[in-house]
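S.K.:
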Amino acid sequence: MLTYDFAPLLRTAVGFERLARQAEAAARFDDTNGYPPYDIEAAGEDHYRITLAVAGFSSGELEIETQDNTLTVTGKKAEKQGETTGYLHKGIASRGFARRFSLADHVRVTGANLADGLLTIDLVREIPEAMTPPPGSRSRAKPPPAC
């Protein structure tokens, strides 16, 4: 596994702590197994949808959690006691998983639905009113006068 050290880049950076944490987390996170597969859609200007293929999992075996701008979807299969099935071929994945997604500021989960083996998570970006500029206040910066 390749490791990156971002410390030299951040010695002179001010206010980029969150970006640094995200970069380090991305470098540490091993996402090479690709399980479960997922899609990310833009469902509108500020609406998004993540769909994960979680065939074989019930809603009680899935957990959705957001913390520090990270959405984590966890699947835990219940242990089957005394199962004596002799598989000739076992190709359907039944292992647990934890899939993480980095969320932008002000993005929150608005709902989730499990149907036909697909877990759909709806997200919305809601910028606080105090942070939005008043209408008509956007103006282009004038170029400096020519000398």
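Going by UniProt numbering, the residue at position 40 of the sequence shown is 40; the numbering climbs one at a time, nothing skipped.
Note that the Cβ used here is the ideal one computed from N, Cα and C, for glycine as well.
1) Under a Cβ-count criterion, where at least 16 other Cβ atoms within 10 Å of its own Cβ denotes burial, should P36 be classed as buried or exposed?
2) Rounded to whole angstroms, what is the Cα-Cα separation between D39 and V54?
3) Output the boundary residues of the beta strand (DSSP E) element that contains E63.
4) Given I64, which residues of its chain have a CB within under 6 angstroms of its CB, disregarding the five upstream and five downstream residues?
5) Between which two residues does the beta strand (DSSP E) carrying T70 extend?
6) Near D105, which residues of its chain fall below 8 angstroms by C-beta distance, leaving aside the five closest residues on each side in sequence?
7) Shortest alpha-carbon distance to L114 belongs to which of L62, G44 and A43?
M.R.: According to the data block:
1) Against the sequence shown, residue 36 aligns to sequence position 36. P36 is buried by the Cβ-count criterion.
2) Here the question's residue 39 lines up with position 39 in the sequence shown. Here the question's residue 54 lines up with position 54 in the sequence shown. Looking at the two C-alpha atoms, the distance is approximately 12 angstroms.
3) In the sequence shown, the residue the question calls residue 63 occupies position 63. Segment L62 to Q67, the beta strand (DSSP E) holding E63.
4) The sequence position of residue 64 within the sequence shown is 64, counting from 1. Cβ within range, chain order: V73 and A112.
5) Taking the sequence shown and counting its residues from 1, the one referred to as residue 70 is at position 70. That run of the beta strand (DSSP E) goes T70 to G75.
6) Translated into positions along the sequence shown, residue 105 becomes position 105. The residues are N69.
7) Working through the sequence shown from its first residue, we reach residue 114 at position 114. The option with the nearest alpha carbon to L114 is L62.
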